[in-house]
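K.L.:
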Amino acid sequence: MAEMKDSHVVEIPVDEEHQQKLSSAMTIISAIQHHPLMEISESPGHLLLLKLWRREEDLFGRRIARKESRMDSIRREIFQLCCFFLIFHGFFMTILFTSSVNLCRYWKVWNQLQREKTDNRALTRCIQELRMKGASFDLSKEPQSGKRMKSSSVEIKWKPVTWCSQYLITICLVFFAGLVFPVSKFMLCGF
1 MAEMKDSHVV EIPVDEEHQQ KLSSAMTIIS AIQHHPLMEI SESPGHLLLL
51 KLWRREEDLF GRRIARKESR MDSIRREIFQ LCCFFLIFHG FFMTILFTSS
101 VNLCRYWKVW NQLQREKTDN RALTRCIQEL RMKGASFDLS KEPQSGKRMK
151 SSSVEIKWKP VTWCSQYLIT ICLVFFAGLV FPVSKFMLCG F
């Protein structure tokens, strides 16, 4: 108890700063009391209407978010379908033009084969004529064939140019497919 007698009580004087904080708190409280939400909270009808409308606003917000996410997923699906469509057609066109190149090679070899067959027939006729005539056969006679005479000058072709000219359509399709993907992404997604 002796210790209690020795303790000092300190009084803190209320200064202007504390007074200003107190007055600003009072103005805030009075502003809150005059705020429309305070008036609404005092009226049960208005409060019920506010709660109903906030619930509807929340429902509308959820529906809008759901529909926007659905639109995004549909947009992604459309883009994927377009990509699959382009991949399928690119693959199909590549096979088609590769087969057309092979078909052109086939026709070229077929023409060479026909030429060889006619040359062989002409040579066979000459051999039969030689066998039938014997020594009376004209030695200056050559087999008559549809063979064209080739030029004596040799034409040199650069291999990459030849390869590019053979696969020009395929190269163009691959280039076009490479450009179509970013363009379709830009058109569908808007970025």
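The numbering of the sequence shown is the UniProt record's numbering, which starts it at 1 and goes up by one.
Glycine included, every Cβ here is placed at the ideal spot set by N, Cα and C.
#1: To the nearest angstrom, how far is it from the Cα of residue 85 to the Cα of residue 92?
#2: Any heavy atom of the ligand SAH inside 8 angstroms of the beta-carbon of residue 139?
#3: Mapping DSSP to helix, strand and coil, what is residue 43?
#4: Is the separation between the beta-carbon of residue 98 and that of residue 162 shorter than 9 angstroms?
#5: With a Cβ-Cβ cutoff of 9 angstroms, do residue 173 and residue 94 count as a contact?
#6: Need the endpoints of the alpha helix (DSSP H) that residue 181 sits in, please.
#7: Does DSSP put residue 50 in a helix, a strand or coil?
#8: With DSSP as the reference, label residue 125 as helix, strand or coil.
#9: Can you tell me whether DSSP reads residue 138 as helix, strand or coil?
#10: Under 9 angstroms between C-beta atoms, does residue 30 make it to chain C?
P.N.:
Let me lay it out:
#1: 10 angstroms
#2: Questions concerning the ligand SAH fall outside what the structure shown contains, since it holds no ligand whatsoever.
#3: coil
#4: no
#5: yes
#6: 168 to 189
#7: helix
#8: helix
#9: coil
#10: Absent here is chain C; the protein component of the structure consists of one chain.
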